[in-house]
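Working notes, structure below.
Numbering (UniProt numbering), first residue to last: 1 to 278.
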């Protein structure tokens, strides 16, 4: 995907400001807290305290709020991981849109129940997101439904990038931004926004070593699909990065590192013990 293609897709700083305004009725401006117990000048953006528990609602609501009346009446059929599914479900509830979500069978039960509590219909099928995606597409084909695909949607990225506006407002002298990497949508969106407004900021991605699809793709300079991935951190256990996110990371990301399962578990424990955050 070329830079001209990115421009055609309306990924602009003005678009991020517009998304931030659009999201005001639905999201919280989460705190940026100084993690004094972790070291000097380390700050944590507490999107775990966002509505639905993650940043995903920023993309979902920004996209769905732009649906026309006939699109809302038609409803949605999609496939999603737990956090994105939660964001979609709450957004659909707020916007009065019916939604059916295909999810992997091993999805956390408490998240599935939360998704259902927002009125979404959940179909648990397949051993991975990719398998759930195939089932969802087949269902749409067999039942004359339209599949909703958020993976390469610019409105999603604009919503995610609104997080960067908050960070720059809360910490004007930002030097380094460290972000998790799954499909790459979050880090791609934030890399674009932060580098556009504060280009001297260093941006580092962190990926599970058992699911290094973005690192492998950046090394090869083209998207790589992994045959097998495994991590107890299911949100970043992805076989292939999104195309638009990959292009953004290729252009803006400074560094990407991988961490072991033990390192992920240790980091969670440190946050819990020293910062009382999960």
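Positions of the beta carbon are idealized from the N, C-alpha and C atoms, including for glycine.
TODO: Name the one or two DSSP bridge partners that residue 78 has.
DONE: Start at 1 with the first residue of the chain shown, and residue 78 comes out as number 78. Under DSSP, residue 78 shares a beta bridge with 101.
Task: Residue from 94, 124, 229 with nearest C-alpha to residue 52 - done: Looking up residue 52 in the chain shown gives position 52. If we check each option's Cα against that of residue 52, 94 comes out closest.
Task: Beta-carbon separation (whole angstroms), residue 90 vs residue 118, contact threshold 8 Å - done: Stepping through the chain shown from its first residue, residue 90 is reached at position 90. Stepping through the chain shown from its first residue, residue 118 is reached at position 118. About 5 Å separates the beta carbon of residue 90 from that of residue 118, a gap short enough to meet the 8 Å contact definition.
Open item on the list: Here's a check: name, in chain order, each residue in its chain whose Cβ is nearer than 7 Å to the Cβ of residue 33, leaving out the five neighbours to either side.
Closed with: Position 33 of the chain shown, counting from 1, holds the residue named residue 33. Excluding sequence positions up to five before and after residue 33, its CB lies within less than 7 Å of the CB of 43, 44, 46, all in the same chain and listed in chain order.
Task: The beta strand (DSSP E) enclosing residue 167, as first and last residue numbers - done: Taking the chain shown and counting its residues from 1, the one referred to as residue 167 is at position 167. Going by DSSP, residue 167 is part of no beta strand (DSSP E) but of the alpha helix (DSSP H) stretching over 154 to 170.
Task: Distance, residue 203 Cα to residue 176 Cα - done: Position 176 of the chain shown, counted from the start, is the residue given in the question as residue 176. Position 203 of the chain shown, counted from the start, is the residue given in the question as residue 203. Going from the Cα of residue 176 to the Cα of residue 203 covers about 6 Å.
Open item on the list: My output table needs one value for residue 13: the three-state DSSP class, helix, strand or coil.
Closed with: Counting from one through the chain shown, the residue named residue 13 turns up at place 13. Helix at residue 13.
- [ ] Would you mind stating whether residue 267 and residue 233 have Cβ atoms separated by less than 8 Å?
- [x] Working through the chain shown from its first residue, we reach residue 267 at position 267. Working through the chain shown from its first residue, we reach residue 233 at position 233. Cβ atoms of residue 267 and residue 233: not closer than 8 Å.
Open item on the list: Suppose the cutoff is 8 Å on Cβ atoms and the five residues either side in sequence are ignored; what does the same chain contact list for residue 154 look like?
Closed with: Your numbering for residue 154 matches position 154 in the chain shown. Its chain contains 9, 10, 11, 15, 244 as the residues whose beta carbon lies nearer than 8 Å to that of residue 154, once the 5 sequence neighbours on both sides are disregarded; these appear in chain order.
TODO: Evaluate residue 63 with the Cβ neighbour count: other Cβ atoms within 10 Å of its Cβ, from every protein chain shown; 16 or more gives buried, anything less gives exposed.
DONE: Locating residue 63 in the chain shown gives position 63, counting from the first residue. Buried, since its Cβ has 16 or more Cβ neighbours within 10 Å.
Open item on the list: Once DSSP output is grouped into helix, strand and coil, what is the label at residue 232?
Closed with: Against the chain shown, residue 232 aligns to sequence position 232. Three-state DSSP puts residue 232 in coil, outside helix and strand.
Open item on the list: Among 115, 126, 166, whose alpha-carbon lies nearest the alpha-carbon of residue 27?
Closed with: Within the chain shown, the letter at position 27 stands for residue 27. Nearest of 115, 126, 166 to residue 27, Cα basis: 166.
Open item on the list: So, for residue 196: in the same chain, excluding its five sequence neighbours on each side, which residues have a beta-carbon less than 6 Å away from its beta-carbon?
Closed with: One-based indexing of the chain shown puts residue 196 at position 196. Closer than 6 Å at Cβ, skipping near neighbours: 13.
- [ ] Ignore the nearest five residues each way along the sequence and tell me which others in residue 258's own chain have a CB closer than 8 Å to its CB.
- [x] The residue labelled residue 258 in the question sits at position 258 within the chain shown. If we look at residue 258 and ignore the five residues flanking it on each side, its Cβ neighbours are 206, 207, 208, 209, 212, 215.
- [ ] Given a cut-off of 8 Å, decide if residue 75 and residue 98 are closer than it, judged by their beta-carbon atoms.
- [x] In the chain shown, residue 98 corresponds to position 98, counting from 1. In the chain shown, residue 75 corresponds to position 75, counting from 1. A contact, by the Cβ cut-off of 8 Å.
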